[in-house]
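J.: Sharing a structure, written as structure tokens. Questions coming.
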Amino acid sequence: MALSLGRRFVELSAAFCAPSPDAPAESDGFFTCRLRTEDGVLHDLSMLPPFSGNAYKPGMMPYRFMLMGTQGAVYQQWCQRPEDAFGKTFAMQPAEGRGIGDLPFVSASLSIPDFYQTLYAALRENGPVPVSGEDGCRAVRAWELIGQSARDGRTLTVEL
């Protein structure tokens, strides 16, 4: 999603943690990544482990969507499909105790089910593709760089 915002990324850092093969029920696996755009905006992407559990031992799942910035934080606990949240408002924690004003509504331009329906139509009915070749290559390159950053344990300067 961050790659589809039309911004160019110039810096990337990532970390992976795999569950212990010797004790998978007592350990967690996750990844986290931070992308910085040329205009200084930070994008944090992660798949965090559940609280008080892991893939082998159920626990409380982390927030589905979490956005933090200088004006406060936005948390959303909704299902896996963005369209399930249409019309629902976010829970907000303002910075410095100030009010935030009207709560925003969720809007999505392409949900996962829409993506697969559009892909099917492109393959079977010569419809438009849901993702351009350029955006697809950018996403693959981003994952390659995320893996490289995590393996090397360092921040990468990128042109993405």
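Each residue of the sequence shown is one higher than the one before, starting from 4 at the first, in my numbering. Where a beta carbon is used, it is the ideal one built from N, C-alpha and C, also for glycine.
Around the Cβ of Ala-135, are there at least 16 other Cβ atoms within 10 angstroms (buried) or fewer (exposed)?
T.: For clarity, residue 135 is Ser in the given sequence; the question names Ala instead. The residue in question, Ser-135, is exposed, as its Cβ has fewer than 16 Cβ neighbours within 10 Å.
J.: Name the DSSP beta bridge partners of Asp-47, please?
T.: Partner(s): Arg-37.
J.: Locate the beta strand (DSSP E) running through Ser-18, then write down its first and last residues.
T.: One point to set straight first is that residue 18 is Ala, not Ser, in the sequence displayed. Run containing Ala-18: 12-20, per the beta strand (DSSP E) assignment.
J.: Counting C-beta neighbours from all protein chains within 10 Å, is the total for Ala-145 16 or more, i.e. buried, or is it exposed?
T.: By the 10 Å Cβ count, Ala-145 comes out buried.
J.: Can you give me the C-alpha to C-alpha distance between Gln-151 and Arg-157, rounded to a whole angstrom?
T.: Roughly 9 Å between the two C-alpha positions.
J.: Which residue from Leu-126, Leu-159, Glu-14 and Thr-35 puts its Cα closest to that of Glu-41?
T.: Checking every option, the nearest Cα to that of Glu-41 belongs to Glu-14.
J.: In terms of DSSP beta bridges, what is Met-160 paired with?
T.: Sequence inspection shows Thr at residue 160; the Met mentioned does not correspond to that position. Answer is Glu-14.
J.: Can you give me the C-alpha to C-alpha distance between Thr-121 and Gly-139, rounded to a whole angstrom?
T.: When rounded, the distance between both Cα atoms is 15 Å.
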